[in-house]
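Number of protein chains: 2
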Amino acid sequence: MSRLDRTLIADLAPFQGMDAADLDTMLGQARSMRVVKETSIFEQEAEAHAFFLLLDGHVRVVKTTPDGQQVIVRYISPGELLGIARALGRTTYPATAVAAVDCVILSWPSRLWSEFAAAFPSFGANTYKAVGARLQDAHARVIEMSTEQVDRRVAHALLKLVQQTGKKTDDGLLIDFPLSRQDIADMTGTTLHTVSRLMTAWEERGLVKSGRQKVTVVQPHKLLLLAEGQADK
Amino acid sequence: MSRLDRTLIADLAPFQGMDAADLDTMLGQARSMRVVKETSIFEQEAEAHAFFLLLDGHVRVVKTTPDGQQVIVRYISPGELLGIARALGRTTYPATAVAAVDCVILSWPSRLWSEFAAAFPSFGANTYKAVGARLQDAHARVIEMSTEQVDRRVAHALLKLVQQTGKKTDDGLLIDFPLSRQDIADMTGTTLHTVSRLMTAWEERGLVKSGRQKVTVVQPHKLLLLAEGQADK
DNA sequence: GATAAACGTTGCGAGAACGCAAACAAAGCC
DNA sequence: GGCTTTGTTTGCGTTCTCGCAACGTTTATC
Numbered sequence: 000m001s002r003l004d005r006t007l008i009a010d011l012a013p014f015q016g017m018d019a020a021d022l023d024t025m026l027g028q029a030r031s032m033r034v035v036k037e038t039s040i041f042e043q044e045a046e047a048h049a050f051f052l053l054l055d056g057h058v059r060v061v062k063t064t065p066d067g068q069q070v071i072v073r074y075i076s077p078g079e080l081l082g083i084a085r086a087l088g089r090t091t092y093p094a095t096a097v098a099a100v101d102c103v104i105l106s107w108p109s110r111l112w113s114e115f116a117a118a119f120p121s122f123g124a125n126t127y128k129a130v131g132a133r134l135q136d137a138h139a140r141v142i143e144m145s146t147e148q149v150d151r152r153v154a155h156a157l158l159k160l161v162q163q164t165g166k167k168t169d170d171g172l173l174i175d176f177p178l179s180r181q182d183i184a185d186m187t188g189t190t191l192h193t194v195s196r197l198m199t200a201w202e203e204r205g206l207v208k209s210g211r212q213k214v215t216v217v218q219p220h221k222l223l224l225l226a227e228g229q230a231d232k
Numbered sequence: 000m001s002r003l004d005r006t007l008i009a010d011l012a013p014f015q016g017m018d019a020a021d022l023d024t025m026l027g028q029a030r031s032m033r034v035v036k037e038t039s040i041f042e043q044e045a046e047a048h049a050f051f052l053l054l055d056g057h058v059r060v061v062k063t064t065p066d067g068q069q070v071i072v073r074y075i076s077p078g079e080l081l082g083i084a085r086a087l088g089r090t091t092y093p094a095t096a097v098a099a100v101d102c103v104i105l106s107w108p109s110r111l112w113s114e115f116a117a118a119f120p121s122f123g124a125n126t127y128k129a130v131g132a133r134l135q136d137a138h139a140r141v142i143e144m145s146t147e148q149v150d151r152r153v154a155h156a157l158l159k160l161v162q163q164t165g166k167k168t169d170d171g172l173l174i175d176f177p178l179s180r181q182d183i184a185d186m187t188g189t190t191l192h193t194v195s196r197l198m199t200a201w202e203e204r205g206l207v208k209s210g211r212q213k214v215t216v217v218q219p220h221k222l223l224l225l226a227e228g229q230a231d232k
């Protein structure tokens, strides 16, 4: 088993305020693994036997309704924890996590969660802070779904992804993983048809550039105006 | 200053697992107060100088968008904490809390939050568990807003309120505080007009009975069927 | 008890978004 | 290289829900 170096994680948000020895303790009990694109890391409703840290790649977290509709709860970027059901007082995962690209992750048995939280107060505090941030995010989304119409919701979703994973290219800011029309629809509570229509309209106006599972935001500023509603339609 | 008896709070969820002495310590630093109906307990964006416990009454938590639209995030029942911005890593309140009826609350200075969480591990754990529950609730709402149409959302909202505060009457289960059509609309992301139409339709079918700021669910079971979509329209 | 304010109901027209269907384009596979 | 699979575009009719407006009803105020 190859040794995991603490510089891998020392700078990541969940581990701020921890000293070197503690990091090593945590790493000593971690298992690293590769996850192939489109493979699930854990499944909704399954027993939460482990929690994870995304080291590299992008993961989408999906909830499926009883009648089969999908909603993308969020995308996870490197350095974030996932599957922390225990921190939410659950024993099963509330959603399914799927690798959007090939990923590298660390995993720990769920059993260790409470140990870590108790032994390393910073780690616990960081995690709870992250949960708090997610709660606010979820609320923001409820507001958005309640008060804004589709085009603005889609614009907001794209801007958030760009902010999270935007990669500078000649054309603008490219969202750094495969993202289909259906994915965008699942994020914003609409249909792939409507997203497709919006994208072509925006492409004509020069706001974005997009192809098969690929989106580049050309004029983030104008897209923001549209999202915020100063829109000139 | 009148003494607060520990039996006031000993059985409430946030204080489970705490011993008598700790409860007294907390109560010793609490301030109790009455809040008149339709008065706000704290305001969105204001400095979070205190956190609260609702002892009696009902409180609605409201978010207002920049352009003035309101969304009711949730209703709080006796025994629940509110204004725990600090537990979410915030220094300002993320929403406004308004007494739906005359209320009795306890308050503590925010400064004490971290002290309590550290000194009384059960209290901290209980609170974080509550935050986790709220996160799941918020996610459930995002799913609902994304995938369900208005009538089901309204049905769900009513059922949730009934479950939370339902009071048995001759007609059925009465929601135990003034609840206007506009309030229901603000909870479900629709308009008071649409809610009004739904309510009259449901009243004709004998599912509910409602008057001015008053809603009684007559046949919860049938309303649930409608909410879940086995609906016979 | 008259008047005002708040809340609720209902009709009608409009528009956003959906759903279906068909055609097209790109990527993967043998 | 042809074939299949997967993702995207686009047209068209439909439907839900909104927005406006007018009116009715209950509660509060002086």
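If you read the sequences in order, they're chains P and G.
Just so we're aligned: the first sequence equals residues 0 to 232 in numbering that gives the first Met the number 0.
Just so we're aligned: the second sequence equals residues 0 to 232 in numbering that gives the first Met the number 0.
The beta-carbon is built from N, C-alpha and C at its ideal position, and this holds for glycine as well.
Should residue i be labelled buried (16 or more other beta-carbon atoms within 10 Å of its own) or exposed?
i, result
"P/E143", "buried"
"G/P93", "buried"
"P/V35", "exposed"
"P/R180", "buried"
"P/A230", "Here the model assigns P/A230 a pLDDT of 48, short of 50, so the residue's position is not dependable and the matter cannot be decided."
"G/A200", "exposed"
"P/D185", "buried"
"G/G171", "buried"
"P/M17", "buried"
"G/R133", "buried"
"G/A117", "exposed"
"G/E37", "exposed"
"P/A137", "buried"
"P/K62", "buried"
"G/K232", "Only weak support is given to the placement of G/K232: the predicted model assigns it a pLDDT of 40, under 50, and the value that follows is read from those uncertain coordinates. Exposed."
"P/G56", "buried"
"G/S113", "exposed"
"G/A86", "buried"
Could you give the residue range of the alpha helix (DSSP H) that holds residue i?
i, result
"G/G123", "P120 to T146"
"P/Q163", "V149 to T164"
"P/R89", "No alpha helix (DSSP H) contains P/R89, which DSSP labels as neither H nor E."
"G/T193", "L191 to E203"
"P/T187", "R180 to T187"
"G/T24", "A19 to G27"
"P/P219", "P219 to E227"
For residue i, decide whether its Cβ has a neighbour in chain G, counting only Cβ atoms nearer than 8 angstroms.
i, result
"P/G131", "yes"
"P/K62", "yes"
"P/I142", "yes"
"P/Y74", "no"
"P/L178", "no"
In the DSSP assignment, find the unbroken beta strand (DSSP E) run with residue i in it and report its ends.
i, result
"G/D55", "A49 to D55"
"G/K213", "K213 to V216"
"P/P93", "Counting along the chain, P/P93 falls outside any beta strand (DSSP E), and DSSP gives it neither H nor E."
"G/V70", "Q69 to I75"
"G/R59", "V58 to T63"
"G/L172", "L172 to I174"
"P/R33", "R30 to V34"
"P/S209", "V207 to G210"
"P/S106", "C102 to P108"
"P/I40", "S39 to F41"
Step through the CB atoms of chain P and report whether any lies within less than 8 angstroms of the CB of residue i.
i, result
"G/T146", "yes"
"G/F214", "First, the amino acid is wrong: residue 214 of chain G is Val here, not Phe. False, the Cβ-Cβ gap to chain P never drops below 8 angstroms."
"G/G137", "The question names Gly, but residue 137 of chain G in the sequence shown is Ala. Closer than 8 angstroms: yes."
"G/Q68", "yes"
"G/W134", "A quick correction: the sequence has Leu, not Trp, at residue 134 of chain G. Judged by the 8 angstroms Cβ criterion, G/L134 is in contact with chain P."
Say the cut is 7 angstroms; is the CB of residue i nearer than that to a heavy atom of the ligand FMN?
i, result
"G/R5", "The ligand FMN is not among the ligands present in this structure, which contains no ligands whatsoever."
Worksheet item: Taking contact to mean at least 3 C-beta pairs separated by less than 8 angstroms, is the stretch 70-84 of chain P in contact with the stretch 38-51 of chain P?
Response: Segments in contact, yes.
Item to complete: Check whether the stretch 122-131 of chain G touches the stretch 60-73 of chain G, counting contact only when three or more Cβ pairs, one atom from each stretch, lie closer than 8 angstroms.
Response: Contact between the stretch 122-131 of chain G and the stretch 60-73 of chain G is absent: fewer than 3 CB-CB pairs across the two stretches fall below 8 angstroms.
Worksheet item: Which residues, in order along the stretch 82-93 of chain G, keep a beta-carbon less than 8 angstroms from a beta-carbon of chain P?
Response: A86, L87, G88, R89 and P93
Discussion item. Any C-beta of chain P within less than 7 angstroms: which residues of the stretch 182-196 of chain G qualify?
Written reply: G188
Item to complete: Would you be able to state if there are at least three C-beta pairs under 8 angstroms between the stretch 186-198 of chain G and the stretch 101-121 of chain G?
Response: These segments do not touch.
Practice prompt. Count the C-beta pairs between the stretch 149-157 of chain P and the stretch 216-229 of chain P that are closer than 8 angstroms, then say yes if the count reaches three, no if not.
Written response: The stretch 149-157 of chain P is in contact with the stretch 216-229 of chain P.
Fill in: Where the stretch 102-132 of chain P meets chain G: residues whose CB sits under 8 angstroms from a CB there
Y127, K128, V130, G131 and A132
Fill in: Sufficient close CB pairs (3 or more, under 8 angstroms) joining the stretch 203-211 of chain P to the stretch 8-24 of chain G
no
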